[in-house]
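Using the numbering used here, the first residue of the sequence shown is number 67, and each one after it goes up by one. Don't be surprised by glycine CBs; every beta carbon is placed ideally from N, CA and C.
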Amino acid sequence: MAHDTSRTPPGQGAERVPLTAQQEFLRAMDHGDDSGPFGPYYHIVGGWRVHGRIDVEVLRAAMTDLVARHEALRTSIVVEGDDAHQAVRPAAEPELTLRDLPADGDRDQTAERFACEIEAGPFPATEHPALRMVLGRFDHQDGVLVLIAHHTMVDGWSAQVVMRDLAEFYAARRGDRL
Numbered sequence: 067m068a069h070d071t072s073r074t075p076p077g078q079g080a081e082r083v084p085l086t087a088q089q090e091f092l093r094a095m096d097h098g099d100d101s102g103p104f105g106p107y108y109h110i111v112g113g114w115r116v117h118g119r120i121d122v123e124v125l126r127a128a129m130t131d132l133v134a135r136h137e138a139l140r141t142s143i144v145v146e147g148d149d150a151h152q153a154v155r156p157a158a159e160p161e162l163t164l165r166d167l168p169a170d171g172d173r174d175q176t177a178e179r180f181a182c183e184i185e186a187g188p189f190p191a192t193e194h195p196a197l198r199m200v201l202g203r204f205d206h207q208d209g210v211l212v213l214i215a216h217h218t219m220v221d222g223w224s225a226q227v228v229m230r231d232l233a234e235f236y237a238a239r240r241g242d243r244l
């Protein structure tokens, strides 16, 4: 089983919470290898084309607001022998990576390949917070934003809620209204 090695050690700012029924089910299915539900490839990825200038610093701040709002994004699974529980941690700034994408060629195909490349990479269940984003930019007016989260904390429905809330936080920080 994966062990929590996040930046906040258990007992130091983390709230201990029992596993949910779904997490208990996943734990029963886990074999402790890297391919199981607590491994680095059990994640969910979503990609959205973005048009218009993205203020990267405002996006970073909106991501931090998002993590502060959603407890699941601050939660990790801690497995210590036969004991397993969730550890809800204080808010931390999630990772935002910027990547330049080639501006020539079919941008939609490039965006699709970019999202697939992100999806194929690892995202450990021990990473805190349980969310990261990559902004690929063709230029300052066109890009793709890819969200990656560990699937023990985020599912397809909640990923849409996360993106909606991110858009609202971003707009609010810019002084815009959605």
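Compute the Euclidean distance between the alpha carbons of aspartate 121 and leucine 164, then round it to the nearest angstrom.
12 Å
DSSP three-state label for isoleucine 120, please.
Of the three classes helix, strand and coil, the one that applies to isoleucine 120 here is coil, per DSSP.
Between tryptophan 114 and the rest of its own chain, which residues show a CB-CB distance below 6 Å, the 5 nearest in sequence each way excluded?
Excluding sequence neighbours, tryptophan 114 sits near Leu211.
Helix, strand or coil: how does DSSP classify threonine 176 here?
helix
Based on the DSSP secondary-structure assignment, which residues constitute the bridge partners of glutamine 152?
Val83, Ile143
Nearest-angstrom Cα distance between alanine 150 and phenylalanine 204?
44 Å
Taking aspartate 166 as part of the beta strand (DSSP E), name the residues at either end of that continuous run.
161-166 is the span of the beta strand (DSSP E), which, as asked, contains aspartate 166.
Give me the Cβ distance between isoleucine 143 and threonine 218, rounded to the nearest whole Å; I'm assuming they're in contact under 8 Å.
6 Å
Does DSSP classify methionine 199 as helix, strand or coil?
strand
What are the boundary residues of the alpha helix (DSSP H) that glycine 105 is part of?
Where glycine 105 is concerned, there is no enclosing alpha helix (DSSP H), given that its DSSP letter is neither H nor E.
In chain order, what residues of the same chain have a beta carbon less than 7 Å from the beta carbon of proline 243, not counting five sequence neighbours either side?
The question names proline, but residue 243 in the sequence shown is arginine. These residues qualify, in order along the chain: Ala237.
Which one of Glu178, Ala127, Ala191, Met229 has the shortest CA to CA distance from glutamine 89?
Nearest C-alpha to glutamine 89: Ala191.
Within the same chain, show all residues whose beta-carbon is closer than 7 Å to that of glutamate 185, passing over the 5 residues directly before and after it, in chain order.
Val111
Residues in its own chain within less than 7 Å of arginine 135 by CB, not counting five upstream and five downstream?
Asp231
Determine the DSSP secondary structure at alanine 237, reduced to helix, strand or coil.
helix
In terms of residues, what are the limits of the beta strand (DSSP E) holding histidine 216?
208-216
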